[in-house]
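Structure record follows, encoded as structure tokens.
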Amino acid sequence: MSAEILISVEHISRYYGQLAAVDDVSFELAQGEVLGFLGPNGAGKSTCMKILTGNLAPSCGRIRICGIDLLDQPRQAKAQIGFLPEQPPLYRELTVDEYLLFCARLNRIRRSHIRPALDRVKQRCGLEAVGKRLINNLSKGYQQRVGIAQAIIHQPAIVVLDEPTVGLDPIQIREIRKLISELGEEHGVILSTHILPEVQMTCKRVQIINRGKLVFSDDIENLDRKMQIRSHRVSFRNPPDIGVLQAIEGIDEVEQLDERHFCLHHDEAARFIDALLEQALAEHWGLTELTPLHKTLEQIFVDITSREEDHDKEQAA
Amino acid sequence: MITTLAQRELRSLFLSPLAWSVLAVVQFILAYLFLSSLNDYILLQPQLKMLDNAPGATALIIAPLYGSTAFILMMVVPLLTMRLISEERRNQSLSLLFSAPLSMTEIILGKFLGVVGFLVIMVLLVSLMPLSLLLAGQLDNGHLAALLLGTLLLVGAFAALGLFMSSLTEQPTVAAISTFGALLLLWIVDWAGNKVGSETTGSLLSYLSILRHFESFSRGVFNSSDIVYYLLFISLFIVLSIRRLDADRLQN
């Protein structure tokens, strides 16, 4: 990649006693990239985010932010990062304006630049109307936006967002995702989440972390390919014999779920659908349902991890 | 940067009813004590006139007033310092400070100065009462200055200890009760000092007493070793707080 490297993480680990919350993780983030950090609960995402932003020290390893070592020169490195933790770090007794002013001063924005910076983030995060209100009285969605505003007020090179859409309603989620995509145009963004579609919608590159280890790191298209639908659920009023379904071209395997429901496994192209529909009409099966079955995140984990194990076994053999 | 943090701390204090009620209650109690000792002084005045070298108003009214201030603040300061760090830790807003380009030293000093700023306001409000005596007569200005300095150093020491206790825990009430316990122990530690057999233990215990060092100020004596004691006390607990906060980042 030709763009400037913003973060380079080399072999970081973090132990809590015997437990390795983050285990030998390395990756890079380039300018203008949105990197999705995907993992089930307790996979080590938040720990990783905290290490990246200097909230936790890694037990070993090295992190460079825009070429500055985070452990040797924390102050210079931290000036390049904006962080929204899982729970937005708000002072609830302040108003939105007071809080953002405080954040601007904390990040050493020059006095003459503070006013424009405040106006800019408020406009970006849709906070113009609530500037004079107490943070405590805002809805969860607005509080989350204040949290994001806090992370981008000093126009950092890197924005790290830890589960930014948790607890929001669908409209707010959509707005925040749009905001994240916009941020990705100027800043490098790291987004941690356990929601798969969120990554698919906003990220260019995705890393999957499980039990502290990076198990997958690739462009989002490659993940999409891995996730292509390979099974459909069908139900009929007058179900045919299972053998008849099996005979349709393109269907690899039929699983009978109960009397009327079947699960059809097929290849990538899903060519069987036309044939199935024609036959169903001609023979009056009474098709009532045809649902593509998406893979869940858990299944992808299982896929990826089991594939790796197979790979390991092959190498060992 | 430190002033930004201190300003926010002070602002948040005044945005809560706690600060206002503390100011009101302390002022009310001290005003009562002030007026009653003023009354005693006026009643005693004829007899005092007979004495050679009689103690003046400063020694009889103002010194006890600052003594009471010190005692009341020992109970009040833990309430003000308890939430400094523990509450931020509980609300997880500490990560805002950790992610900003700040050192731990700046964070701790900012918080310390914020709460000290509040205590200075409180002590100055209390000082308005003795200063009002200037309308009626003369005061021993040197004695008054020593009392003021001693009180400020004393509450600074209270605040440093309270800040450290707050950095140890996530529960503000735990911080408050531990601070109060530690302060009370330091207050009374020289009581045992007089009774302990050996001379050195006794003098060591009385040296540790936070009150003993205040006594010379309240007699109007400006003793540099007492000032050093308070400055050392404050620096010790500030350094410990910085270390404790840094430990959050390293291993928890």
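Line by line, the protein sequences give chains A and B. Numbering follows this note's numbering, in which position 240 of the first sequence is assigned residue number 240; successive positions increment by one, without gaps. Just so we're on the same page, this note's numbering is the position in the second sequence counted from 1, plus 317. Every residue, glycine too, gets a C-beta built ideally from N, C-alpha and C. These numbers were taken from a predicted model, which means no experiment stands behind them.
So who's on the other strand from residue i, going by DSSP bridges?
i	result
F83/A	V160/A
T193/A	L38/A
L69/A	Here residue 69/A turns out to be Asp, not Leu, going by the sequence shown. D69/A is bridged to R64/A.
G286/A	Answer is none; G286/A lacks a bridge partner.
N210/A	K213/A
D218/A	V206/A
I251/A	H266/A
I29/A	Correcting the residue identity first, residue 29/A is Leu in this sequence and not Ile. Answer is I7/A.
Is residue i helix, strand or coil by DSSP?
i	result
T291/A	strand
C263/A	strand
G431/B	helix
F345/B	helix
D24/A	strand
I63/A	strand
E4/A	coil
Y383/B	helix
S607/B	Since the first and last residues shown for chain B are 318 and 569, residue 607/B lies out of range.
I559/B	helix
H154/A	coil
S354/B	helix
F331/B	helix
A474/B	helix
Q256/A	strand
F481/B	helix
Using a Cβ-Cβ distance cut-off of 7 Å, determine whether residue i contacts chain B.
i	result
G212/A	no
K78/A	yes
E93/A	yes
L29/A	no
M1/A	For M1/A, the predicted structure reports a pLDDT of 41, less than 50, and the residue's modelled location is therefore unreliable. The matter cannot be settled from this model.
P83/A	A small fix is needed here, since residue 83/A is Phe in this sequence, not Pro. Yes - at least one Cβ of chain B is within 7 Å of the one on F83/A.
L161/A	no
Q144/A	no
L321/A	The requested residue 321/A is not part of the displayed model; chain A covers only 1 to 317.
Chain A beta carbons: is any one of them nearer than 7 Å to that of residue i?
i	result
T490/B	no
P418/B	yes
Q409/B	yes
L413/B	yes
R325/B	yes
T398/B	no
S329/B	yes
L332/B	yes
R536/B	no
R566/B	yes
T422/B	no
Cβ atoms of residue j and residue i: under 7 Å apart, would you say?
i	j	result
I12/A	P58/A	yes
I135/A	R92/A	yes
F531/B	L471/B	yes
R230/A	G286/A	no
L100/A	A151/A	no
I272/A	I248/A	Per the sequence shown, residue 272/A should be read as Phe rather than Ile. A contact, by the Cβ cut-off of 7 Å.
E487/B	R561/B	no
E163/A	S192/A	yes
I5/A	I81/A	no
L56/A	I208/A	no
I425/B	S558/B	yes
C203/A	V34/A	yes
T53/A	V22/A	no
P447/B	A79/A	no
Figure out for me which residue from the options has the closest Cα to the Cα of residue i.
i	options	result
L293/A	C263/A, D162/A and A275/A	C263/A
G537/B	A376/B, V339/B, A323/B and S329/B	A376/B
W504/B	F388/B, V545/B and I346/B	F388/B
M489/B	L397/B, L368/B and Q362/B	What sits at residue 489/B in the sequence shown is Pro, not Met. Selected option, being the one with the closest Cα: L397/B.
M392/B	E405/B, A493/B, N370/B and G519/B	A493/B
K45/A	I152/A, V160/A, R62/A and K140/A	V160/A
D258/A	N210/A, R233/A, T95/A and I251/A	R233/A
S385/B	S495/B, V440/B and V432/B	V440/B
L553/B	M482/B, L330/B and G498/B	M482/B
S329/B	L549/B, R400/B, S444/B and G498/B	R400/B
E10/A	H265/A, I63/A and K50/A	I63/A
S416/B	A104/A, E98/A and D97/A	A104/A
A462/B	P372/B, W337/B, S542/B and Y383/B	Y383/B
G61/A	S8/A, Q18/A, A79/A and Q76/A	S8/A
Q299/A	L276/A, L196/A, V244/A and Q246/A	L196/A
G184/A	I173/A, Q172/A and M201/A	M201/A
L480/B	G427/B, V437/B and M446/B	G427/B
D72/A	Q409/B, Q362/B, D369/B and S420/B	S420/B
Return no unless some Cβ of chain D is closer than 7 Å to the Cβ of residue i.
i	result
R75/A	No chain D appears in this structure, whose protein chains are A and B.
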